[in-house]
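All the letters of the sequence shown, read from the start, carry residue numbers 1 to 370 under the UniProt record's numbering. Heads up, the beta-carbon is just placed ideally off N, CA and C, and yes, glycines get one too.
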Amino acid sequence: MTMDCVRVELGERAYEVRIGQGLIARAGDHMAPLLRRPQVAILTDETVAALHLAPFQQALSAAGIASSALALPAGEATKGWPQFARAVEWLLEQKVERRDMVVALGGGVIGDLAGFAAAVLRRGVRFVQVPTTLLAQVDSSVGGKTGINTAQGKNLVGAFHQPSLVLADIDVLDTLPARDFLAGYGEVVKYGLLGDAAFYDWLEDAGPRLAHDPEARQRAVRRSVEMKAEIVARDETEEGDRALLNLGHTFCHALEKATGYSDRLLHGEGVAIGCALAFELSQRMGLCAQEAPSRLRAHLRAMGMKVDLRDIPGDLPDAEGLLALMAQDKKVMDGRLRFILARGIGSAFVAEDVPPDAVRTVLSEALALR
């Protein structure tokens, strides 16, 4: 297979997302033209470091690029103030200069944290995303959203800071646990749901093959990235169309907060459940046909994914408690919740006038099934 290249068109800050097999083994060749001096500082996590750091650094060394690396603990809990401060202090200790390059080698947690560290270090240092999870390859590594979680909620502190390059090596996805791969699939499905019914149709057929079929996997990653790149180019800072990418996320972020950003619920699992709830809400409001949420749930179930609130282990707040968590979401505007709703599969839109009672009813009925 040949490498795919998707360009994120942002004028002078445009960059490429390169998607293919064996990209980590050739990382030095891809990155060398971007460097003003042949050295980089790598932020990663301990799990990724054990699998991919040595070959990545060898590839850099083969191209004459020196590197240093800091491996943070794996998991969502890393994406907070303590590890963020540790990362920034380490980058300063490495004497990273404004013209240098930081590399994020890992999943969404590392990509978000490293990107934010690069954004604030010396008021802005360039960085490269090398996403090692399906979720990061199709979503969080593209578009320049960086940040950390706080006690008040998810991603409430951060910055828009675009990478200089994204290297999405689909071979590294073979090292993912099955649960993590499926969690990433939650974001892949989202793209079909929000704006490409034909892609969703293809996923219903090809989805079960993605875990072992490189050609199907590359196509899924490429199409997801194409859709995100198009939306980001139109609306970089989420004033309009980019909000569509938050399909399922208002529900998801509340559920992540309720489960303490723990292994009880991975982000992509929350997205899948959130998309199912968003379609249920859309159907209850008379916006889409009754079969749309049923079709989505059937596909997620066929993939072996979490679909409903009853699939989340442990206790959850009641409907009022979940609504209160939603009120902390970044998508609150003038005190009103914004939801991404759908007129059907492939046809999502931003809704700012959703009655709280409708949301409360959907949540109450979902919780009653637990």
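Item, Value
"Assuming residue 87 and residue 119 are in contact, meaning their beta carbons sit under 8 Å apart, how far apart are those beta carbons, in whole angstroms?", "Not really, about 12 Å apart at Cβ, beyond 8 Å."
"Tell me the residue span of the alpha helix (DSSP H) that contains residue 294.", "291-302"
"If you draw a straight line from the alpha carbon of residue 127 to that of residue 367, how long is it in whole angstroms?", "42 Å"
"Is it buried or exposed for residue 36, if we count other Cβ within 10 angstroms and need 16 for buried?", "exposed"
"Pick helix, strand or coil for residue 197, following the three-state DSSP scheme.", "helix"
"Since residue 364 is in the alpha helix (DSSP H), which residue starts that stretch and which ends it?", "356-368"
"With DSSP as the reference, label residue 326 as helix, strand or coil.", "helix"
"Using 10 angstroms around the beta-carbon of residue 12, count the other beta-carbons present and answer buried if the total reaches 16, otherwise exposed.", "exposed"
"Out of 364, 336, 363 and 82, point me to the one whose CA is closest to residue 371's CA.", "Limits of the chain in this structure are 1 at one end and 370 at the other, which puts residue 371 out of reach."
"So what's residue 222 in DSSP terms, helix, strand or just coil?", "helix"
"Measuring only the C-alpha atoms, how far is residue 167 from residue 311?", "34 Å"
"For residue 305, count the other beta carbons within 10 Å of its own beta carbon; 16 or more makes it buried, fewer makes it exposed. Which is it?", "buried"
"Is it right to say residue 34 is buried, meaning 16 or more other beta carbons lie within 10 angstroms of its own, or is it exposed?", "exposed"
"Candidates 142, 83 and 98: which alpha carbon is nearest residue 6's?", "142"
"Pairing CB atoms from the segment 85-101 with CB atoms from the segment 49-59, are three or more of them under 8 Å?", "no"
"With DSSP run on the structure shown, which of helix, strand or coil describes residue 252?", "helix"
"Could you give the DSSP three-state label for residue 16: helix, strand or coil?", "strand"
"Whether or not the segment 238-252 and the segment 185-195 are in contact is what I'm after, with contact meaning three or more pairs of Cβ atoms, one per stretch, closer than 8 Å; do they touch?", "yes"
"Whole angstroms are fine: how far does the CA of residue 363 sit from the CA of residue 64?", "56 Å"
"Using 8 Å as the threshold, is the C-beta distance between residue 10 and residue 238 below it?", "no"
"Within a Cβ cutoff of 7 Å, which residues of the same chain sit near residue 190, ignoring the five residues on either side of it in sequence?", "247, 248, 271 and 275"
"Tell me which same chain residues have a C-beta within less than 8 Å of the C-beta of residue 152, skipping the five on either side of it?", "328"
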